[in-house]
Each structure stands twice: as structure tokens, then as C-alpha cells.
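A quick write-up on the structure given underneath.
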Amino acid sequence: MTVSHEVLAAPAPRMARHIDWSWAPRGILLGLLAFAIFGPLANLLLWAVAESWYFPHTFPISYGFSYWAKVFAPRGGAVDALLTSVGVAALTVALSLALAIPAGYALARLKLPFRALILLALLIPNAFPNLPIYVNLARIFYELDLNGTVLGVVLVHTSHGLVYAVWIGTAAFAAVDNELSEAARTVGAGAFRAFLDVDLPLAAPGLLASAIFVFLESLDEFTGTYFVGAPDVNTLPLLLYTAGAGGNYQIASITALVLLAPSIAFMFVVERFLRADVLAKIGR
Amino acid sequence: MNMMPSAIAQARSLRKGGEEDAGHDAGQTDFLTIRGLEAGYAGTRVLKGIDLSVFKGEFIALLGSSGCGKSTLLRTLAGFAKPDAGEIRVAGRDVTRLGPDKRGMALVFQSYALWPHMSVAQNIGYGLKLAGRAKADIASRVGELQMQLGLGGLEQRKPAELSGGQRQRVALARALAVQPDILLLDEPLSNLDARIRLTVRHEIIALQRRLGTTAIHVTHDREEAMVMADRIVILNEGAIAQVGTPQDVYKRPASAFVAAFMGAENCLPLSIEKSGAGLHVHANDLCEGASLPIPSNPLVSGPVEARFRPQAVELTPHQPQTGTEPGGDGAVIFKGRVEQTSYPGGAWRHVVSLGSHSVVADAQRSFAPGEAVNLRVAAEDLFLFSPA
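So the protein lines, in turn, are chains A and B. So in full-length UniProt numbering, spot 128 of the first sequence is number 128, and the numbers just go up one at a time. So in full-length UniProt numbering, spot 203 of the second sequence is number 203, and the numbers just go up one at a time.
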């Protein structure tokens, strides 16, 4: 027994001396990437709990939560902005799904002409530079009395989020085997009943994932909200912008954290619900 | 496109007529009538004029190789494919343009197509729920079907937690729950293990007989069709090649295609002459001359294709002159040489060459490769077809 242990143990120290240097560039790259991702996040966390922090100190001088109280105080406006943001996001999700469910079903199931073109057309709002579009949109919305209304902001967000909703929605419906709804038809379900009882529940996880994407996209949206909504519709990103522009890093960081939390939470949900067979069909 | 309004109007008037007709008895003769049915997609015609009458309670097998149109025919019957021409009537009611949910037909899919988000009981009871039946009523009917199909105790399971055979039975129970006029089966056994398949065959027939449901079963498995069906419909390239009882299509194939499909793969050229008394087979380098009774299928004098099964051959050592005179014993004797011998079980299988041709012949004893043999095929086992 002892002999075999020694035999087994002997080569180990020699192995350790051989460092595989080919991994070094990859290691350094990964380290840089991690720093690029987590560096700003760490900075954000520090600023969120910093009471006072100025040059040349590497770390905050004193820590505390007094700025949190300030942000969430009625006069801070964060609670109002949060409610507006969530409200706008919820309405955007509702509108996007209302459009994406029939559109996704049609694109997945029916033999539509120009199917690829329709899918591509949904990308257009995201393909061109946002600023000139929103400036013009703001002018048009002004004439339609939509400027400074929640509806106006929801419309802008929907135009932006619809590509996620329809693309993922189409993939979700395409992943449901057509024979499943045919089986419902054959035992007496009308076309709409089969859709409600079979296609919709089976596509629901994919649709939920698309809803989350749209929700997060809306929660984060700044440019469109700024041109169409401000100052009447004040969302969290607008509040963050005001705070950041005023050099109020604590308030900006706390707002950013509030925005970040749902994103991270929902990413786990999306990861759970967006199955590989749905992902494989996105954009097809 | 310009056909559309008139076609719809016609369908409407037919449907109206159908509803009025539904009252009186259509008779035992044809429960399901298919007339001149044509279907296809993107320019290719898959079904080229199908005419078929099915009696109530009959079990019909649609048999054919892949791509022959049997699945398209079933899908057209079920209402998932629109026919280009022709009509489908059930008990006198025109259902050609009706939706799949309004035809009184239930389809069992090859993939079973069970709904993964519903339990076994929900899957089976779905059609009853749609029909607006009371909850207790549904539960008792579902329980009854579960008992009949050996699915007791599985009502809370999801399809993913079932074995292949159980899924197949849930699919069958779901279709039977709505008590369809016609049960459509799309290769429902092809995804089962060979051993389970044999028992499920008999279970399906027993159930169908007991319920008296008319059934149309699509399969590419010849034996399955023979065992299960009252009548077999053999399809070839979108047209019906033959309709008949299993014995009919086995013993009296109407065409060379049917003969080959039903196992008569051995094919040799012969030359015949028809006379009032019978059929004279001219001697050639493959066989000796013979006289045969005139078979049921139409033949003209001249070259014919002779087809027979390996089992139909009586293999004997070659004798130069067997004394087969014209008007003799009603069999043709071919002369050949054994090429290969194998034992697949039951009988010895020989590959026998006859000049440039080769055939397969079974025998109870083995003949050595190289041995000269006589192959005697009795008249009733020899299928002759004049070239089309």
C-alpha cells in the first residue's frame, strides 16, 4: 500500500512545475473582462453606501445609508419615478404582448408572404440612430398631444421592445408542434379554442421570457423617454440622469442599483424559461 | 382564386343539404364515401382521384410505401388538408369543406401528440370538456376508458412520465372519448417496440369491434394491415391500386405492383397464349411449356410478367424431362441453379439464378450452391400480368 502511494504521489510535484503558459493570455483577458464588468459595479456599490468620498482617498471616508433615506424620501422623487417606470414598463409589456402573440402565432404557423421581411422590419426601430428618430417623434407626438403622456412613452418603448416580443414570440410558437393543436381540433376544438388551450399555454414560457426582455428594455429606456416624456413623465433613468449630471453620485448609484436589481432577478427567470428549442428558432 | 366564391357557395349549399339529409338513414352500404378526391401542394398532385366506400363498423387499412399519399389521404379525411377536387361524405353528410372539429372524426397521431401540460385524465377528457359534459360525467367516462385501455391509476401522470405504449393508449383513449363516427389512425404503432406492437394490434381491433367504430388505419406494414383490417386499400403514387379483403389482395393481386407489395417479389418474363380452354405458357430458356387455367385478372396473349413468392416455390433437384405436357398439372416449372443458401428460420432460403435473372426460393431442405434445381410454381401461386 505504502509503495503504491509513493509511486502515485511522486510525479505530482514534477507536474506542478510545468505551468502551461499558453493559458496566460486567456487568463489575463478573462481578468480584464471581469474587471470591466465588475469594476464599475463595485464602484456603484461603494458609492451607494458612501457618506463622503473625495480625492485622494481610494475608498470612501465614511459609510452609511443617509442617502438612501434621501432618495426614498417623498421629496426625493425616487418612489414616484420607480412607480412611473414600473407602470410604463407594465403597460409596454401588455401592449407588446397584445401585438406579439397574434403576430408571433401568424409568423410561426401561417405561410405568410415576405415573412423574413416582416421579421426584419421589426428590427428597424433599433437599427437606426435613436436620437434623430426621437426628436422627430417628439415633434409628431406634440402635434398629437401625446408628448408628456404615459401613452406616448409607452408607444415609444413598445416600438423599441416589439422586436424582442415578436421574435421570441415567433420562436416560442414555432417550438410548439403543430400536431398538438391539430390533436385538439380533431377531438372537437375550434381553431381559437385549440390556440387558447394548447398553443398559448405551451408557448407561455417563451412569451414570458419575451415579456421580461420588453420589461427590462422599457425600465432602462432613456432617450425616447427624455424626448417624449420629460419632464411630465419622470422615470428612474431620467432621475438617474439628473442626479448624475448634478454630480450627485450617491443618488445616481442608488437609483442605478434600484434599476439593476430587477434586471438581475429577471435574468435568472429568463434563463430558466427560455428553453434551447425556443432559442434555436429565434429570427428564423 | 376566382373559383373561391362559387366553391364556398357550393359548400354552403351542400352543408345545408347535408344537415337535412342527416335525419334519414343512409343505409348500411356506405357510411363514408370518398369520390374523386384530389389533393396536393405546390403543383404536385399527391392524391389523383380517390374513390372509396367504407361500411359502418369496418376496419380499413390504407397500405402503401412512404410517399404514396396515404398520410395525405388521412389528413384530407381529417380536415387538415384541403382537397382540390372531389367530395367526402359521412352518413350522407358532405364534410368536404368542414373544419376538423366538425367532422365526427378523431385522429390518433403517429407522434401521439399528447399535450404535455395536461395530465392523462385531462388529455383524455379534453374532448368531453369541450362538448360541455358535466364534470362527474367526464370523470366517469375517463375512468371507464382508462380501465378499458389498462391505464388505471395513471390519471395524474403527465405524458412525459409514461412509457411509449402507455402514451399510445392515452392517445387512443383521447380519440375514443369523443365517440367519433370514424376513428383515424396514422401509423399509431410505428413508434412502439416490436413486441408491444403485436399485442397492441389485437387490443385495438378488440376495442374497435366492441365499440363498433369505423376505423381507417394508415400503415406501411403489410402484416399489420393483414392482421388488423377487414379490407385493405393499397395505394400507389396517389391512386388506389387495389381494394379487397386481406385474402383478396394476397391471393389475387390486381397488378404487378400489388403482387410485389404483397411479397411476390420474384419476377420472371414469360410468354403466353390465351385460348378458350386455358392459358398456354410457351417454353423458353427459363421454363418448360405448361397449360394453366385462365386467372381472374385480364391478360392478353404475348409477353407477361410472372410473379411469385419464395414460399410458393417447390424446389426439387433438376430432372431433364418431368413430363409436363401441355394441359398437364397446372404448374410452371422453371430451371435454375442455386447461388446462395441461408437459413433465416423456418425454411432454407435459396437465391437461384435463371440465366440473367435471379429469384428467391424457400425449401424445407437445403440445396448446395451450384446445384441445378427445378422450381415448381403452382398456377394459383403464379401471378401473371400483361404489360400495361
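Note that the Cβ used here is the ideal one computed from N, Cα and C, for glycine as well.
Nearest-angstrom Cβ-Cβ length linking residue i and residue j, presumed shorter than 8 angstroms
i       : j       : result
G152(A) : V228(A) : 5 angstroms
I60(B)  : V233(B) : 6 angstroms
Y126(B) : A203(A) : The pair is not a contact, with the Cβ atoms about 18 angstroms apart (cut-off 8 angstroms).
A171(A) : A100(A) : Not really, about 11 angstroms apart at Cβ, beyond 8 angstroms.
G86(B)  : G36(B)  : 4 angstroms
L180(A) : W115(B) : 6 angstroms
K70(B)  : L62(B)  : 4 angstroms
A260(B) : R307(B) : 7 angstroms
L128(B) : I138(B) : 5 angstroms
V214(A) : S96(A)  : 5 angstroms
R167(B) : Y250(B) : Contact flag wrong, Cβ pair sits at about 32 angstroms.
L122(A) : L91(A)  : The pair is not a contact, with the Cβ atoms about 19 angstroms apart (cut-off 8 angstroms).
D44(A)  : S253(A) : Note that residue 44(A) corresponds to Leu in the displayed sequence, not to Asp. That belief holds up - the Cβ atoms of L44(A) and S253(A) are roughly 5 angstroms apart, short of 8 angstroms.
S210(A) : I168(A) : 4 angstroms
Candidates the options, of which the one nearest residue i by Cα
i       : options                            : result
P201(A) : I212(A), L216(A), G188(A), D177(A) : D177(A)
P180(B) : S353(B), A215(B), I294(B), L149(B) : A215(B)
Q319(B) : L198(B), V373(B), H217(B)          : V373(B)
S66(B)  : V178(B), A306(B), V218(B)          : V218(B)
T213(B) : Q242(B), T199(B), R169(B), I182(B) : I182(B)
D285(B) : F334(B), E265(B), G263(B), A259(B) : F334(B)
I124(A) : L137(A), H160(A), L144(A)          : H160(A)
L259(A) : T235(A), T158(A), T58(A)           : T235(A)
A243(A) : A256(A), P60(A), L162(A)           : A256(A)
F383(B) : K70(B), D94(B), N297(B)            : N297(B)
I251(A) : V79(A), G169(A), Y67(A)            : Y67(A)
A194(B) : A173(B), P159(B), A239(B), G165(B) : G165(B)
S353(B) : G346(B), E339(B), A363(B), G345(B) : E339(B)
L73(B)  : V313(B), L107(B), L299(B)          : L107(B)
G152(B) : N191(B), A283(B), R209(B), V120(B) : V120(B)
S271(B) : G263(B), M262(B), V281(B), A277(B) : V281(B)
Residues bridged to residue i [DSSP beta-bridge criterion]
i       : result
M105(B) : I182(B)
E38(B)  : K48(B), A85(B)
L375(B) : L315(B), F334(B)
P269(B) : E305(B)
F383(B) : R307(B)
H350(B) : T341(B), A361(B)
C287(B) : F334(B)
S62(A)  : S52(A)
H280(B) : E273(B), S291(B)
F59(B)  : A215(B)
L32(B)  : V54(B), V90(B)
Closer than 8 angstroms to chain D by CB, residue i
i       : result
D101(B) : Among the chains of the structure shown, chain D does not appear; the protein chains present are A and B.
Beta strand (DSSP E) segment containing residue i, residue limits
i       : result
R45(B)  : 44-54
R252(B) : Here R252(B) belongs to no beta strand (DSSP E), and DSSP marks it neither H nor E.
N191(B) : Unbroken run through N191(B): none, as it is neither H nor E.
R193(A) : Run containing R193(A): none in the beta strand (DSSP E); it sits in the alpha helix (DSSP H), 191-194.
L235(B) : 231-236
L208(A) : Not the beta strand (DSSP E): L208(A) falls in the alpha helix (DSSP H), residues 200-220.
8 angstroms Cβ cutoff met for residue i and residue j
i       : j       : result
M105(B) : T186(A) : yes
L292(B) : H357(B) : no
L162(B) : L154(B) : yes
E187(B) : Q110(B) : yes
P246(B) : M226(B) : yes
L207(A) : F266(A) : no
V178(B) : G188(A) : yes
G244(B) : K48(B)  : no
A42(B)  : A81(B)  : no
A78(A)  : L239(A) : yes
G104(A) : F38(A)  : no
Q103(B) : V90(B)  : Rather than Gln, the amino acid found at residue 103(B) in this sequence is Arg. Closer than 8 angstroms, so yes.
V170(B) : P159(B) : yes
Extent of the continuous alpha helix (DSSP H) to which residue i belongs
i       : result
V270(A) : 249-273
Q166(B) : 164-177
Q110(B) : No alpha helix (DSSP H) contains Q110(B), which DSSP labels as neither H nor E.
Q242(B) : Unbroken run through Q242(B) is the beta strand (DSSP E), 239-244; no alpha helix (DSSP H).
N43(A)  : 23-48
N136(A) : 130-143
T219(B) : Where T219(B) is concerned, there is no enclosing alpha helix (DSSP H), although the beta strand (DSSP E) it sits in stretches over 214-219.
A172(A) : 150-174
A121(B) : 120-130
D80(A)  : 78-109
M262(B) : Where M262(B) is concerned, there is no enclosing alpha helix (DSSP H), given that its DSSP letter is neither H nor E.
R185(A) : 178-186
S66(B)  : Careful: S66(B) lies outside any alpha helix (DSSP H) and carries neither H nor E.
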